[in-house]
Amino acid sequence: MLRASGRRLGAAVAPAVALVAGMLSSLVCCSLLGPSDPVASVLSPYFGTKTRYEDVNPRLVLDPEVTCTPVQLVALIRHGTRYPTAKQIRKLRQLHGLLQARGRGSAGGRDLGAALADWPLGYADWMDGQLVEKGRQDMRQLALRLASLFPALFSRENYGRLRLLTSSKHRCVDSGAAFLQGLWQHYHPGLPPPDVADMECGPPRINDKLMRFFDHCEKFLTEVERNATALYHVEAFKTGPEMQNILKKVAATLQVPVNDLNAGLNRFLLQSFSSLVMQRPFYHCFLSWATSKTRSP
Ligand SMILES: *[C@@H]1O[C@H](CO)[C@@H](O)[C@H](O)[C@H]1NC(C)=O
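Counted the way mature numbering (1 follows the signal peptide of the UniProt record, and there is no 0) counts, the sequence shown spans residues -30 to -1, 1 to 267.
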């Protein structure tokens, strides 16, 4: 779970002590956001809060009240909307196969399982967790919002002092590049952004020791990740009666044997979403919804 939430990218603006500039003017951010998709906006609250900032937090489009004088900004930014990983795609196919293999619903009616079985699963192996165009847009808009909220820090003279650190994951590196391209738009409206390598502040620097500490920090690995005692409650939750109840309900709704859902598939959800104990079809819908224009039945 830590892994799922830990792939991040940090953007830091170096201390700007000289910039005890005047009060921040609160700019209108509405213009930074594209027209929102009404279907997506209605569904948003039911999905995770990851990355779809403008959908889950409508306050973003309001004028913020900023009364202090910022001298430095350190942001820990998650990568933008991405495709499922190869492992997730494999499990989605497994689920899809399970739904297609089961008989038609009782009374020959069109039930939810049948609708999901007919729904094309459009993921290819190459997609393996890569950033989608929506994810690039997330990052560009985030950069524009930050630059508008902190005009003194993001002044043209400070551009060369911006430092971006990222993990080596392609989606994070790509998110960093999109963030810088968003800033470029802020400084040079209308001009196409150059390659990030040619930008003044340089490309995002890869630092896995910092950004993927969960792979490198010996203390974390021995005391937490490989320690069954420390993770006792996680296991208890995954195998507990509440989870079994949910699986039973999902199995009943989809009309598949609960054991088929249990076979390796249940861990899939838990690993991916600790906050939402969701059904697999829900996950299927969520990913399709997040990464493409496809809407679930
Ligand atoms: C494992 O976790 C438990 C509970 O948090 C802790 O008391 C114990 O010291 C940990 N073991 C190791 C080897 O770090």
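In this text, a Cβ means the ideal position worked out from N, Cα and C, and glycines have one as well.
In this structure, DSSP gives residue 226 a state outside helix and strand, which the three-state scheme calls coil. Put simply, of 134, 64, 84 and 108 the residue whose alpha carbon is nearest the alpha carbon of residue 43 is 134. Taking non-hydrogen atoms of ligand 1 into account, the C-beta of residue 200 is found less than 7 angstroms away from one of them. Taking all protein chains in view, the Cβ of residue 136 is crowded by 16 or more other Cβ atoms within 10 Å, so the residue is classified as buried. For residue 84, the three-state secondary structure derived from DSSP is helix.
In this model, residue 39 and residue 113 are separated by some 19 angstroms (Cα to Cα). In this model, residue 146 and residue 199 are separated by some 37 angstroms (Cα to Cα). In the three-state DSSP reduction, residue 94 falls in the coil class, being neither helix nor strand. The Cβ neighbour count for residue 149, taken over all protein chains shown within 10 Å, is at least 16; the residue is labelled buried. The shortest C-alpha to C-alpha distance from residue 81 to any of 224, 213 and 212 is the one to 224.
Apart from sequence neighbours up to five positions away, the residues of its chain that approach residue 157 with a beta-carbon distance below 8 angstroms are 126 and 129, ordered along the chain. Across the structure, residue 63 and residue 161 are spaced so that their CA atoms are roughly 42 angstroms apart. Beta-bridge partners of residue 175 (DSSP): 135. Judged by DSSP in its simplified three-state form, residue 198 adopts coil rather than helix or strand. Counting only residues of its own chain and dropping the five nearest sequence neighbours on each side, residue 59 has a CB closer than 6 angstroms to the CB of 93. In this structure, the straight-line span from the alpha carbon of residue 178 to that of residue 222 is close to 43 angstroms.
Here residue 138 is exposed: its Cβ has fewer than 16 other Cβ atoms, across all protein chains shown, within 10 Å.
Counting of Cβ neighbours within 10 angstroms places residue 46 among the exposed residues, the total staying below 16. In the structure shown, residue 44 falls within a strand segment according to DSSP collapsed to helix, strand and coil. A straight line joining the alpha-carbon of residue 195 with that of residue 52 spans about 25 angstroms. Distance between residue 85 and residue 96, taken at the CA atoms: about 26 angstroms.
In this structure, the alpha-carbon of residue 66 lies about 12 angstroms from that of residue 230. Secondary structure note for residue 151: its alpha helix (DSSP H) is the uninterrupted segment 140 to 157. When rounded, the separation of the alpha-carbon atoms in residue 90 and residue 171 is 43 angstroms.
Checking the 7 angstroms criterion, the Cβ of residue 188 is out of range of every heavy atom belonging to ligand 1. Taking the CA atoms as reference points, residue 132 sits about 39 angstroms from residue 197.
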